[in-house]
Amino acid sequence: MPGWAEILVRSFVFLIVLFLITKGLGKKQMSQLNIFQYITGIVIGSIVAIHVTDVATNPVYGILALAVWFLIPVTVEFLALKSKGFRNIFQGKGTVLIQNGKIMEDNMKKERFTTDNLLEELRNNQVFNAADVEFAVLEPTGKVNLLPKKENQPITPKILGTNVSPEKESQTVIMDGNALLEPLANASLNTNWLETELTKMNVSIENVFLGQVDSDGQLTVDLYDDKLAVPEPTEKPLLLASMKKCQADLELFALATESQESKDLYQKNSERMQQAIDKITPYLQ
Amino acid sequence: MTVSSQVKGCFSSIKSAEATLETLAVKTNDQETEQIFKEVQHTLKTVKNDLENQVIYLTKEEPQYKS
Chain A
1 MPGWAEILVR SFVFLIVLFL ITKGLGKKQM SQLNIFQYIT GIVIGSIVAI HVTDVATNPV
61 YGILALAVWF LIPVTVEFLA LKSKGFRNIF QGKGTVLIQN GKIMEDNMKK ERFTTDNLLE
121 ELRNNQVFNA ADVEFAVLEP TGKVNLLPKK ENQPITPKIL GTNVSPEKES QTVIMDGNAL
181 LEPLANASLN TNWLETELTK MNVSIENVFL GQVDSDGQLT VDLYDDKLAV PEPTEKPLLL
241 ASMKKCQADL ELFALATESQ ESKDLYQKNS ERMQQAIDKI TPYLQ
Chain B
1 MTVSSQVKGC FSSIKSAEAT LETLAVKTND QETEQIFKEV QHTLKTVKND LENQVIYLTK
61 EEPQYKS
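Chains as they are written, first to last, in full-length UniProt numbering: chain A, 1 to 285; chain B, 1 to 67.
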């Protein structure tokens with residue numbers, strides 16, 4: 001076999017082997033590099049490079065070496081799963097850079113982390129003033145994660161003390177003009193329902209680029225034809241408005257009537273309506 | 001509009017709201033949401049019953065406007 005052909009064959013074979021190894025090592029290898037994955041990545045890459053370009057080497061040795069370097073990280077990860085001490089050595093521990101709002105200069109020195117590095121990482125986390133940080137840690141992967149001080153944290157409904165309705169994931173039921181049966185079944189709906197909803201909106205399924213159903217069974221669509229206006233869902237706002245109107249009406253009746261008995265009845269029911277409205281408002285917004 | 005017909009209007013609004021709540025409760029996938037919808041529907045039902053009695057009472061009071 002001429003040299004160039006051998007390189008072609010080797011490239012192809014090692015590409016497949018490399019693909020399988022990367023698959024086998026899992027998603028962790030792709031996302032974050034801890035010490036060990038960093039080493040394995042470099043070595044596996046080098047082994048493949050040498051054996052592909054140098055026709056003098058024995059490809060069987062190459063595959064053998066790859067097998068070893070595949071088994072080592074898998075074993076290490078398995079052991080790391082079992083023991084915390086092992087994990088600390090092979091996958092590293094996070095280093096605290098800021099604690100209680102104070103920068104830990106000693107820890108920074110240990111990691112050879114300069115002030116500029118720190119500021120850069122804080123900016124990466126959208127923090128421009130070190131005084132806004134309560135706690136920051138340098139992860140083994142080299143990324144800095146931080147907890148802003150309470151007053152600098154984004155506002156959540158919990159901080160505001162308001163109730164919100166729980167929301168489950170939406171199901172994508174129409175893609176590129178085709179109904180997707182499995183997501184429909186997940187939302188316990190069927191194609192008949194979909195057709196009815198689309199007829200209500202006065203659109204045909206071929207014109208729908210993307211259609212999703214939220215956990216309340218409300219269908220929202222995006223059309224190919226962007227000039228067509230899709231009606232906004234009105235059921236919930238209408239319900240809330242009509243409940244509010246009833247409540248106001250009852251209050252009005254209570255004021256208008258002269259019979260004490262009727263007044264009490266209207267008042268009691270107006271209060272009941274108010275409670276119902278307070279309870280349901282988060283769910284209708 | 002007489003008082004009786006106003007109360008009747010309010011009564012039917014509540015009836016419609018109750019029905020909408022019922023459909024919403026059926027449509028939702030979330031247990032908690034379904035529970036809330038059902039509770040509110042129950043409240044509306046009590047209000048509806050009270051109003052129904054009131055409508056009957058008002059019709060008796062104003063028999064000339066009986067419809």
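The beta-carbon is built from N, C-alpha and C at its ideal position, and this holds for glycine as well.
{"Asked": "Going by DSSP in three states, A:Gly217 sits in which element: helix, strand or coil?", "Found": "coil"}
{"Asked": "Looking at chain B, is there any beta carbon in it that lies within less than 7 Å of the beta carbon of A:Leu265?", "Found": "yes"}
{"Asked": "Out of A:Ala5, A:Ala248, A:Val203, which one is the CA nearest neighbour of A:Ala229?", "Found": "A:Val203"}
{"Asked": "Looking at the secondary structure, which residues open and close the alpha helix (DSSP H) in which A:Ile72 lies?", "Found": "59 to 82"}
{"Asked": "Quick check: the Cα distance between A:Lys110 and A:Pro233, rounded to an integer number of angstroms?", "Found": "58 Å"}
{"Asked": "Whose CA, out of A:Pro157, A:Ile35, A:Val43, A:Lys158, lies closest to the CA of A:Gly62?", "Found": "A:Val43"}
{"Asked": "Chain A partners of B:Glu62, CB-CB under 8 Å?", "Found": "Residues of chain A passing the Cβ test: none, with the nearest at roughly 12 Å."}
{"Asked": "Output needed in chain order: residues of the UniProt domain \"YetF C-terminal\" (82 to 214) of chain A with a Cβ under 8 Å from some Cβ in chain B.", "Found": "Ser165, Pro166, Glu167, Lys168, Ala187, Ser188"}
{"Asked": "For a contact meaning CB atoms closer than 7 Å, what does B:Ile14 contact in chain A?", "Found": "Cys246"}
{"Asked": "Any beta-carbon of chain A closer than 7 Å to the one on B:Lys27?", "Found": "yes"}
{"Asked": "Establish whether the CB of A:Ala276 and some CB of chain B are separated by less than 7 Å.", "Found": "yes"}
{"Asked": "Just to confirm, is the Cβ distance from A:Val52 to A:Arg87 under 7 Å?", "Found": "no"}
{"Asked": "Per DSSP, which one or two residues make a beta bridge with residue 317 of chain A?", "Found": "Nothing can be reported for residue 317 of chain A: it is not among the residues displayed for chain A, which extend from 1 to 285."}
{"Asked": "What are the residues that DSSP puts in a beta bridge with A:Ala136?", "Found": "A:Ile98, A:Leu146"}
{"Asked": "Taking only beta carbons into account, state which residues of the region 224 to 252 of chain A come closer than 7 Å to chain B, listed in chain order.", "Found": "Glu235, Leu239, Ser242, Met243, Lys245, Cys246, Asp249, Leu250"}
{"Asked": "For B:Ala17 and chain A, any beta-carbon pair shorter than 7 Å?", "Found": "yes"}
{"Asked": "Between the region 148 to 162 of chain A and the region 130 to 139 of chain A, are three or more C-beta pairs nearer than 8 Å?", "Found": "yes"}
{"Asked": "So which residues of chain A does B:Glu32 contact, with C-beta pairs closer than 7 Å?", "Found": "Pro166"}
{"Asked": "Output yes if chain B places a C-beta closer than 7 Å to the C-beta of A:Ile42; else output no.", "Found": "no"}
{"Asked": "Which residues in chain E sit within 7 Å of B:Thr20, going by Cβ to Cβ distance?", "Found": "The displayed structure is made up of protein chains A and B, and chain E is not among them."}
{"Asked": "Taking B:Glu18 and B:Leu44 to be in contact with their CB atoms under 8 Å, please state how far apart those CB atoms are, rounded to whole angstroms.", "Found": "4 Å"}
{"Asked": "Tell me the rounded alpha-carbon separation between A:Lys236 and A:Gln285.", "Found": "7 Å"}
{"Asked": "Identify whether A:Asn152 lies in helix, strand or coil by the three-state DSSP scheme.", "Found": "helix"}
{"Asked": "Inspect the beta-carbon positions of A:Ile21 and A:Phe78 and report whether they are closer than 7 Å.", "Found": "no"}
{"Asked": "Which runs of the alpha helix (DSSP H) fall wholly inside the region 213 to 263 of chain A and span at least 4 residues, in chain order?", "Found": "235 to 256"}
{"Asked": "Comparing the C-beta of residue 68 of chain B with each C-beta of chain A, is any distance below 7 Å?", "Found": "Lying outside 1 to 67, the shown extent of chain B, residue 68 of chain B is not represented and no answer is given."}
{"Asked": "How is A:Ala56 classed by DSSP in three states: helix, strand or coil?", "Found": "coil"}
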